[in-house]
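Novice: Under the working numbering, the residue at position 108 of the sequence shown is numbered 380, and the numbers go up by one with no gaps.
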Amino acid sequence: MTALSAWKPDHVRLAVKDGVALVTLSRPEKKNPLTFESYAELVRLFRDAATDDDVKAFVLTGDGGNFCSGGDVFEIIGPLVEKDAKGLLAFTRMTGDLVKAMRACPQPVVAAVDGVCAGAGAIMAMASDLRIGTATAKVAFLFNRVGLAGCDMGACAMLPRIIGLGRASELLFLGRSMSGDEGLAWGFFNRLAASGELQNAAMAIAAEIASGPSFAHALTKKMLATEWAMALEAAIDAEAIAQALCMQTADFKRAYQAFAAREKPKFQGN
């Protein structure tokens, strides 16, 4: 058993099969809000993934036709009103740790987004590598609605890179919902699926990723993040090093041998 498949979290659901870890936010009666405890479990889960060679990809989704309504109003928002500046900074750093953990884990993360996807839920979708939505998805960065800035958990850094500065500015200043069709047109969603087929569609993409060269996928994810802040010449040099590393893997040799034999390569992640 892998490290993740052996772990039974108390505040989210986790199932690992055939190299894909399915993570489900499961408080459907409240549209799957986050609590201090579920934040901590998600951070641990994505950090532990860095040392789990058997998990090749993640699918992140929610129960009951919704993705995530953000931080629980009574279990998180209420207590924050009573905290001092030190306590508030500890909380905001903790929420940011979730995005850091998602971006640092080597496995690609596929978000399956239906219904409400708001606040920290929208951030988790944003922080995923791929996003599959539905026509009824409603993605909202609601921070200004509660008197907060839109610069939360990396939103001002990541969202403009996904959908463009003007569109990101509109969502962060107005706090309005982005529909599924709008999210697809703007590039937030990679594709849309029917609600009843959403999880299967996300799992199919994750399974395809899991069947590929995981060492190379991890480098692709790393370089997509690293090259945001690089000049083109530095990025080309960094990619030359990364690709040379991949060329030393057994998977690279397997691909060549399969091509020569007119077969589909069977990657093993080494």
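For each residue, glycine too, the CB sits at the ideal point set by N, CA and C. Please read all numbers here as calculations on a predicted model, not as lab measurements.
(1) What residue range is occupied by the uninterrupted beta strand (DSSP E) comprising Arg299?
(2) Take the Cβ of Asp282 as the centre, count every other Cβ of all protein chains shown within 10 Å, and call the residue buried at 16 or more, exposed below.
(3) Which full runs of the alpha helix (DSSP H) of 4+ residues lie inside the region 379 to 432, going along the chain?
(4) Going by DSSP, what residue range makes up the alpha helix (DSSP H) through Ser441?
(5) Where does Arg403 land, buried or exposed, given buried means 16+ other C-beta within 10 angstroms?
(6) Does the ligand MN have a heavy atom nearer than 8 Å to the CB of Leu286?
(7) Going by DSSP in three states, Leu306 sits in which element: helix, strand or coil?
(8) Which residues does DSSP list as the beta-bridge partners of Leu464?
(9) According to DSSP, which residues form a beta bridge with Ala285?
(10) For Thr521 and His489, what's the separation of their Cα atoms in angstroms?
(11) Can you name the start and end residues of the alpha helix (DSSP H) that Gly455 belongs to?
(12) Rounded to whole angstroms, what is the Cα-Cα separation between Leu414 and Pro380?
(13) Let me confirm a value: Gly405 is counted as buried when at least 16 other C-beta atoms fall within 10 Å, else exposed. Which label applies?
(14) What does the alpha-carbon distance come out to for the pair Ala376 and Trp500?
(15) Please work out which residues of its chain come closer than 7 Å, Cβ to Cβ, to Val284, disregarding the five sequence neighbours upstream and downstream, and give them in chain order.
(16) Roughly how many angstroms lie between the CA atoms of Arg417 and Cys518, to the nearest whole one?
(17) Just checking my contact of Val411 with Val385 at CB under 8 Å: how many whole Å lie between their CB atoms?
(18) Drop a sphere of 10 angstroms on the beta-carbon of Leu332, count the other beta-carbons inside from all chains shown, and report buried for 16 or more, exposed for fewer.
(19) Where does Ile349 fall in DSSP's three states?
(20) Going by DSSP, name the residue or residues bridged to Val331.
(21) To the nearest angstrom, how far is the alpha carbon of Leu446 from that of Gly391?
(22) Within 10 angstroms of the Cβ of Tyr528, are there 16 or more other Cβ atoms? Answer buried if so, exposed if not.
(23) Do you know how far the Cα of Ala510 is from the Cα of Arg534?
(24) Buried or exposed: Ile348, going by 16 or more other Cβ atoms within 10 Å of its Cβ?
Specialist: This is what the structure holds:
(1) Element bounds for Arg299: n/a, residue is neither H nor E.
(2) Around the CB of Asp282, fewer than 16 other CB atoms lie within 10 Å, so the residue is classed as exposed.
(3) Secondary structure remark: continuous alpha helix (DSSP H) runs of at least 4 residues inside the region 379 to 432, in chain order: 392 to 399.
(4) Per DSSP, Ser441 belongs to the alpha helix (DSSP H) from Leu437 to Leu446.
(5) Its Cβ being crowded by 16 or more others within 10 Å, Arg403 is buried.
(6) With respect to small molecules bound, the structure shown includes none, and the ligand MN cannot be examined in it.
(7) Leu306 falls in the strand class under three-state DSSP.
(8) According to DSSP, which records beta bridges pairwise, Leu464 is partnered with Gly405.
(9) Note that residue 285 corresponds to Arg in the displayed sequence, not to Ala. DSSP output for Arg285 lists Thr296 as bridge partner(s).
(10) Cα to Cα, the separation comes out at about 12 Å.
(11) Gly455 -> alpha helix (DSSP H) spans Gly452 to Trp458.
(12) In a straight line, the C-alpha of Leu414 is about 26 Å away from that of Pro380.
(13) Result: buried.
(14) Each residue's Cα considered, the two are about 15 Å apart.
(15) Same-chain partners within the cutoff: Val295, Thr296, Leu297, Ser298, Ser310, Glu313 and Leu314.
(16) Straight across, the Cα-Cα distance linking Arg417 with Cys518 is about 46 Å.
(17) The Cβ separation is near 7 Å, so the contact holds.
(18) So Leu332 ends up on the buried side.
(19) Correct three-state label for Ile349: helix.
(20) Partner(s): Leu294 and Val382.
(21) Taking the CA atoms as reference points, Leu446 sits about 13 Å from Gly391.
(22) So Tyr528 ends up on the exposed side.
(23) Cα atoms of Arg534 and Ala510: separation of roughly 32 Å, rounded to the nearest angstrom.
(24) Burial state of Ile348 is buried, judged by a 10 Å Cβ sphere holding 16 or more other Cβ atoms.
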